[in-house]
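This report refers to the structure that appears directly beneath it.
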Amino acid sequence: MLSYKHEIFLEVARLLSFTKASQNLFVSQSAVSKHVKALEEEYKIGLFERLGNTVKLTPAGQLLYQKLLVAKQLQHELHQEFTALSADYSPRFRMMIGASTTISLYVLPPVLSAYLNKNPNIQLTLKNRNSENILKALLDHEIDLGIIEGINKVSNVTYTPFLTDDVIAVCSAKNPLNRQNLTVQDLHNVPLAVREVGSGTLAVLEEALAEHHLKLPDLPVKVRLGGTEALKNFVRVDTCLAFLPRQAVVKELESGELLEVPIQGLAMRRQFNFIQRRGTENNLPYKDFVQFMKRHYSKRE
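Residue numbers (the working numbering): 801 to 1101.
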């Protein structure tokens, strides 16, 4: 079993930050520094090089980090085998999950409470980033499970379908566009508000436009905003047409605050996928988490 100070070292090495590691682990920064110092004294070698406000791994630290990643994988396998042998075996476990904005804000929260009540020994951390950065976090071992929009073809990553959602055009209820049915060509004359580069929502929009031989730079994009909530808040008070996930605007559509604007021939459906580093798909409790979420949403669809 990995010791607590090894777990702390792994987190600092993964993030290259004592501050971020202390936040993720819910311990003080001084405690993090104390445990890392204890390891350095135990091995009689420096593990981190301090460079002002930043740190980097020394060659010894890099070696220890790589070996501990292997040990952590073996620990996962041991936990699984013990669980198969005894239903009473339930170790404490810290899950690191990352999800794109729509999933983080609108899909997972209603279900997480039920999952954590069923699994009281699990402490879960959810990181909210766009799809491109979630994939990067997975490859950098910052997270062990991601949920993203679409599939970025990476050979050492596995993709498991989760659910589908539509991206729709919406505008403020006060916007004259709310009484119109638009065509794709009409978009040349309508100010647009879209998500930032790297967003899965933006990628779906660009793919749909490409089917009509259109590119986003050819259209009157008024603003690009980082985050779904920022985009919603902007379009509430502006005359732009925005493209947002249906999951993200359910309440606003029901209240009439935002209205869907049909665009003839522009279909924007996307697939959300669980992503994991190849070879880790059967690691508990991530496997159970994936199955729990899929069961919940399969009942709704």
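Where is the CB? At the ideal position from N, CA and C, for every residue including glycine.
### Query
Going by DSSP, what residues sit across from Gln923 in a beta bridge?
Counting from one through the sequence shown, the residue named residue 923 turns up at place 123. Looking at the DSSP assignment, Gln923 forms a beta bridge with Arg894.
### Task
Using the DSSP secondary-structure output, state which residues sit across from Lys856 in a beta bridge.
The residue labelled residue 856 in the question sits at position 56 within the sequence shown. BP columns for Lys856 point to Glu849.
### CB of Phe1072 within 8 angstroms of CB of Glu949, strictly
The residue you call residue 1072 lines up with position 272 of the sequence shown. The residue you call residue 949 lines up with position 149 of the sequence shown. Contact flag set, yes.
### Three-way DSSP call (helix, strand, coil) for Arg929 in this model
The count along the sequence shown starts at 1 and reaches residue 929 at position 129. Three-state result, Arg929: coil.
### Message
I'd like to check one pair, Tyr865 with Ala813: are the Cβ atoms closer than 8 angstroms?
### Response
Locating residue 813 in the sequence shown gives position 13, where the first residue counts as 1. Locating residue 865 in the sequence shown gives position 65, where the first residue counts as 1. Yes, the pair counts as a contact, with Cβ atoms nearer than the cut-off.
### Query
Does DSSP put Ile934 in a helix, a strand or coil?
For this step, residue 934 is matched to residue 134 along the sequence shown. Looking at Ile934 - three-state DSSP - the assignment turns out to be helix.
### Query
By the 10 Å Cβ neighbour count, where 16 or more other Cβ atoms means buried, how is Glu841 classified, buried or exposed?
Here residue 841 refers to the residue found at position 41 of the sequence shown. Exposed: under 16 other Cβ atoms inside 10 Å.
### Task
Could you tell me which residues DSSP pairs with Val1021 in its beta bridges?
If you number the sequence shown from 1, residue 1021 lands on position 221. Note: Val1021 sits in a beta bridge opposite Leu992.
### Message
On the CB-based measure, 16 or more other CB atoms within 10 Å of its CB, does Asn975 come out buried or exposed?
### Response
Position 175 of the sequence shown, counted from the first residue, corresponds to residue 975. So Asn975 counts as buried.
#### Entry: Gln1076 - containing beta strand (DSSP E), residue span
On the sequence shown, residue 1076 is found 276 positions in, with the first residue counted as 1. Segment 1069-1077, the beta strand (DSSP E) holding Gln1076.
### Message
Would you call the region 1001-1008 in contact with the region 1035-1051, where contact means no fewer than 3 C-beta pairs closer than 8 angstroms?
### Response
yes
### Task
Note down, in chain order, each residue of its chain lying with its Cβ closer than 6 angstroms to the Cβ of Thr902, except the 5 sequence neighbours on either side.
For the purposes of this step, residue 902 is identified with residue 102 of the sequence shown, where counting begins at 1. Cβ within range, chain order: Pro1045, Gln1047, Ala1048.
### Query
Between Val994 and Val1021, is the Cβ-Cβ spacing less than 8 angstroms?
Against the sequence shown, residue 994 aligns to sequence position 194. Against the sequence shown, residue 1021 aligns to sequence position 221. Cβ distance < 8 angstroms, so Val994 and Val1021 count as in contact.
### Query
For the region 951-1007, which segments carrying the beta strand (DSSP E) assignment without a break, of at least 3 residues, lie completely within its bounds, in sequence order?
957-972, 992-995
### Message
Taking 8 angstroms as the cut-off, does the region 1051-1059 touch the region 929-945 (at least 3 CB pairs, one atom from each stretch)?
### Response
no
### Query
Between which two residues does the beta strand (DSSP E) carrying Glu949 extend?
As a working note, residue 949 is residue 149 in the sequence shown. 945-949 is the span of the beta strand (DSSP E), which, as asked, contains Glu949.
### Query
Candidates Leu810, Ile897, Gly846: which alpha carbon is nearest Val1090's?
Taking the sequence shown and counting its residues from 1, the one referred to as residue 1090 is at position 290. Minimum Cα distance to Val1090 is reached at Ile897.
### Message
Just list the residues that DSSP pairs Gln875 with in beta bridges.
### Response
Translated into positions along the sequence shown, residue 875 becomes position 75. None, per the DSSP bridge assignment.
### CA-to-CA distance, Gly1000 to Arg1069, given in whole angstroms
To locate residue 1069, count along the sequence shown from 1; it is residue 269. To locate residue 1000, count along the sequence shown from 1; it is residue 200. Those two C-alpha atoms are separated by around 11 angstroms.
### Task
Let me know if Phe962 comes out buried or exposed under the rule of 16 or more other beta-carbons within 10 Å of its beta-carbon.
Working through the sequence shown from its first residue, we reach residue 962 at position 162. The residue is buried, with at least 16 neighbouring Cβ atoms inside 10 Å.
#### Entry: Sequence-distant residues of the same chain with beta carbon closer than 8 angstroms to Tyr959, five excluded per side
If you number the sequence shown from 1, residue 959 lands on position 159. Result list for Tyr959: Ile951, Asn1073, Phe1074, Ile1075, in chain order.
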